[in-house]
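Those letters in the sequence shown? Residues 13 to 330, by this note's numbering. Beta carbons: idealized from backbone N, C-alpha and C, even for Gly. Worksheet: the structure to be examined is printed underneath.
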Amino acid sequence: MLILAIETSCDESCAAIVEDGWKVHANVIASQIPVHQLTGGVVPEVASREHMKVIMPVVQKAFEESGMSWDDIDVIAVTKEPGLIGSLIVGRTTAAALAFAKDKPLIEVNHIQGHLYSNWLGREENPQFPVLSLTVSGGHNELVLMRGHGDFELLGQTLDDAAGEAFDKVARLLGLGYPGGPAIERAALEGNADAVNFPNSRTEGYAFSFSGLKTAVLYYLQKNEDRLEDPQFVKDVAASFQKAAVAHLTDRLMRAAETHNVKEIHLAGGVSANKALRAVVQKLCPDRLLRHPEKIRYCTDNAAMIGAAGYFQTTAQD
Ligand code: KG4
Ligand code: ZN
């Protein structure tokens with residue numbers, strides 16, 4: 013089954029053509045990062061307007077890259093929620109109009125379920141359930157137990173900020189720019205992660221919380237304002253923050269992996285691109301299969317993952 017998928021939930025305009033939930037024939041992403049760098053974050057109204065400008069050329073490019081035509085497409089899949097409402101509307105109206113004009117069925121896919129399925133992309137052999145998936149991005153921070161297709165249990169989510177949001181805010185405090193995750197990771201490579209002992213917030217069960225850590229960094233920087241000009245100081249704080257954030261995520265992940273005796277652990281979402289996070293999970297969990305999306309372009313928002321989730325959504329009951 014060939015699915016044309018469209019994703020516009022935040023600040024990337026994406027279209028992909030995916031076969032049978034895993035084979036990616038095209039995965040086009042028009043990033044708005046340069047536009048949002050001007051404001052240091054996403055302005056929803058600006059994001060919607062950017063989607064309006066580029067979504068049809070992005071769909072066109074997916075056809076060109078894949079060499080497919082409309083006759084090849086069986087289904088159109090589009091992100092339903094969650095996301096910025098103006099951005100979502102652009103994708104959904106585009107998909108609905110195309111489905112009507114080309115007489116194709118339209119299916120709506122949850123964005124987080126899309127991230128869960130990013131680990132199916134590019135892999136002919138399906139992952140083995142039960143899977144424990146940690147989706148960590150700018151807007152979401154979910155620990156999900158996947159027992160089978162469509163059989164998902166949300167074990168924990170954040171009480172305040174998502175991990176990516178914390179990376180973005182701390183990067184801003186350190187003057188490292190937007191998006192913050194990759195900037196912190198780069199700076200941390202040359203920093204001492206033991207320079208500052210930031211706290212690992214306590215929460216009940218598998219809940220996450222990043223506001224305490226964020227505030228701790230803020231207070232530390234206010235106390236050491238005169239040192240912000242020193243590049244080594246910035247790198248040390250970045251590395252120490254990253255270590256604390258990773259410890260907070262992996263502590264809950266490992267507990268849940270043991271309790272539910274899962275076969276595989278999956279990392280997904282923008283923050284799963286972080287190599288320090290991947291390395292810690294691998295070290296703590298040598299006996300379970302660890303997967304992260306095959307390509308960085310499958311970690312951050314993309315339409316291929318929506319095509320994969322849409323495929324299993326429509327075929328799982330068959
Ligand atoms: O999945 P995504 O593209 O969008 C959302 O659905 O939010 O995730 C973007 C988030 C941003 O907060 C960004 O700073 C973070 O993922 N991110 C990273 C890295 N690359 C992207 N965080 C930590 N380390 C990275 N290498
Ligand atoms: Zn996302």
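For this session: Per DSSP, which residues does ILE15 bridge with? Please list them.
Result: The residue you call residue 15 lines up with position 3 of the sequence shown. Here ILE15 is bridged, per DSSP, to VAL30 and VAL87.
Exercise. Do three or more CB pairs link the stretch 28-35 to the stretch 58-67 at distances below 8 Å?
Worked result: Per the Cβ contact rule, the stretch 28-35 is not in contact with the stretch 58-67 (fewer than 3 Cβ pairs under 8 Å).
Problem set entry | Any residue whose CB is nearer than 5 Å to a heavy atom belonging to ligand 1, listed in chain order | Checking every Cβ against the heavy atoms of ligand 1 under 5 Å gives SER149, GLY150, GLY151, GLY176, PHE179, ASP180, PRO191, GLY192, GLY193, PRO194, GLU197, GLY281, GLY282, VAL283, ALA285, ASN286, THR312 and ASP313.
Problem set entry | Cα-Cα separation between ALA113 and ILE119, rounded to whole angstroms | The residue labelled residue 113 in the question sits at position 101 within the sequence shown. The residue labelled residue 119 in the question sits at position 107 within the sequence shown. So the alpha carbons of these two residues sit roughly 15 Å apart.
Problem set entry | Option nearest VAL293 by Cα separation, candidates HIS260, GLY319, MET317 and ASN39 | Mapped onto the sequence shown, residue 293 falls at position 281. Comparing Cα positions, the closest option is HIS260.
Exercise. Should PRO46 and LEU96 be called a contact, given that it needs their Cβ atoms to be closer than 7 Å?
Worked result: Residue mapping note: residue 46 aligns to position 34 of the sequence shown, counting from 1. Residue mapping note: residue 96 aligns to position 84 of the sequence shown, counting from 1. Not a contact, by the Cβ cut-off of 7 Å.
Exercise. Starting from ARG159 and walking both ways along the beta strand (DSSP E), at which residues does that stretch end?
Worked result: For the purposes of this step, residue 159 is identified with residue 147 of the sequence shown, where counting begins at 1. According to the DSSP assignment, ARG159 belongs to the beta strand (DSSP E) that extends over 153-160.
For this session: Using three-state DSSP, classify ASP330 as helix, strand or coil.
Result: Taking the first residue of the sequence shown as position 1, residue 330 is located at position 318. In this predicted model, ASP330 has a pLDDT of only 48, less than 50, meaning its place in the structure is not dependable; the value taken from the coordinates is given anyway. Coil, per DSSP.
For this session: Identify, in the order they occur along the chain, each residue of the same chain with its Cβ nearer than 6 Å to the Cβ of LYS226, setting aside the five sequence neighbours on each side.
Result: Residue mapping note: residue 226 aligns to position 214 of the sequence shown, counting from 1. If we look at LYS226 and ignore the five residues flanking it on each side, its Cβ neighbours are ALA178 and LYS181.
For this session: Note down the Cα distance separating GLU216 from HIS37, rounded to an integer number of angstroms.
Result: In the sequence shown, residue 216 corresponds to position 204, counting from 1. In the sequence shown, residue 37 corresponds to position 25, counting from 1. Approximately 43 Å between the Cα atoms of the pair.
Exercise. For the candidate residues VAL66, ALA291 and ALA280, whose alpha-carbon lies nearest to that of GLY151?
Worked result: Translated into the one-based positions of the sequence shown, residue 151 becomes position 139. For the residues VAL66, ALA291 and ALA280, the minimum Cα distance to GLY151 belongs to ALA280.
Exercise. Taking buried to mean at least 16 other C-beta atoms within 10 Å of its own C-beta, is GLN44 buried or exposed?
Worked result: On the sequence shown, position 32 is the one that residue 44 refers to. That one is buried.
For this session: Work out the CA separation of ALA195 and THR20 for me, nearest whole Å.
Result: Start at 1 with the first residue of the sequence shown, and residue 20 comes out as number 8. Start at 1 with the first residue of the sequence shown, and residue 195 comes out as number 183. So the alpha carbons of these two residues sit roughly 24 Å apart.
Exercise. Cβ of VAL87 within 7 Å of Cβ of PRO117?
Worked result: For the purposes of this step, residue 87 is taken as residue 75 along the sequence shown, with counting starting at 1. For the purposes of this step, residue 117 is taken as residue 105 along the sequence shown, with counting starting at 1. Yes, the pair counts as a contact, with Cβ atoms nearer than the cut-off.
Exercise. To which residues does DSSP link GLY168 through a beta bridge?
Worked result: Here residue 168 corresponds to residue number 156 of the sequence shown, with the count starting at 1. GLY168 is bridged to LEU155.
Exercise. Would a C-beta distance cut-off of 7 Å place ASP173 and PHE253 closer than the cut-off?
Worked result: Position 161 of the sequence shown holds residue 173. Position 241 of the sequence shown holds residue 253. It is not a contact, given that the beta carbons lie outside the stated cut-off.
Exercise. Is ASP263 helix, strand or coil by DSSP?
Worked result: Stepping through the sequence shown from its first residue, residue 263 is reached at position 251. Looking at ASP263 - three-state DSSP - the assignment turns out to be helix.
For this session: Grab me the residues of ARG333's own chain with a C-beta within less than 6 Å of its C-beta, minus the 5 sequence neighbours each way, in chain order.
Result: In this structure the chain extends from 13 to 330, so residue 333 is not present and cannot be described.
Problem set entry | Buried or exposed by the 16-neighbour rule on C-beta atoms within 10 Å, applied to THR106 | Counting from 1 along the sequence shown, the entry for residue 106 is found at position 94. A buried status is given to THR106, since no fewer than 16 other beta-carbon atoms sit within 10 Å of its beta-carbon.
Exercise. Given that a residue counts as buried once 16 or more other Cβ atoms are within 10 Å of its Cβ, and exposed if not, what is GLY168?
Worked result: Indexing the sequence shown from 1 puts residue 168 at position 156. Under this definition GLY168 is a buried residue.
Problem set entry | Expected contact under 8 Å - CB spacing of ARG300 and ILE318 to nearest Å | For the purposes of this step, residue 300 is taken as the residue at position 288 of the sequence shown. For the purposes of this step, residue 318 is taken as the residue at position 306 of the sequence shown. About 27 Å separates the Cβ atoms of ARG300 and ILE318, ruling out a contact at the 8 Å cut-off.
Exercise. What separation, rounded to the nearest whole angstrom, lies between the Cα atoms of ASP330 and PHE324?
Worked result: Position 318 of the sequence shown, counting from 1, holds the residue named residue 330. Position 312 of the sequence shown, counting from 1, holds the residue named residue 324. Confidence is the limiting factor: at ASP330 the pLDDT is only 48, short of 50, which leaves the residue's position unreliable, though a coordinate-based value still follows. In a straight line, the C-alpha of ASP330 is about 10 Å away from that of PHE324.
Exercise. Quick one: what's ALA74 bridged to in DSSP?
Worked result: Within the sequence shown, residue 74 is the residue found at index 62, counting from 1. Partner(s): none; ALA74 has no beta bridge.
Problem set entry | C-beta contact flag for THR91 and VAL121 at 7 Å | As a first step, residue 91 must be located in the sequence shown, where it is residue number 79. As a first step, residue 121 must be located in the sequence shown, where it is residue number 109. The answer is yes: Cβ separation under 7 Å.
Problem set entry | For ARG198, the nearest candidate out of ALA183, ALA207 and CYS22 (CA to CA) | The count along the sequence shown starts at 1 and reaches residue 198 at position 186. For the set ALA183, ALA207 and CYS22, the Cα lying nearest the Cα of ARG198 is the one of ALA183.
For this session: Return the CA-CA distance between ALA111 and GLY134, expressed in angstroms with no decimal places.
Result: On the sequence shown, position 99 is the one that residue 111 refers to. On the sequence shown, position 122 is the one that residue 134 refers to. For ALA111 and GLY134, the distance between alpha carbons rounds to 26 Å.
Exercise. Under 7 Å between the Cβ atoms of ALA17 and VAL40?
Worked result: Locating residue 17 in the sequence shown gives position 5, where the first residue counts as 1. Locating residue 40 in the sequence shown gives position 28, where the first residue counts as 1. When the beta-carbon positions are compared, ALA17 and VAL40 stay at least 7 Å from each other.
Exercise. So which of GLU241, ILE308, LYS35 and ALA109 has the shortest CA-CA distance to LEU14?
Worked result: If you number the sequence shown from 1, residue 14 lands on position 2. LYS35 is the residue among GLU241, ILE308, LYS35 and ALA109 whose C-alpha sits nearest the C-alpha of LEU14.
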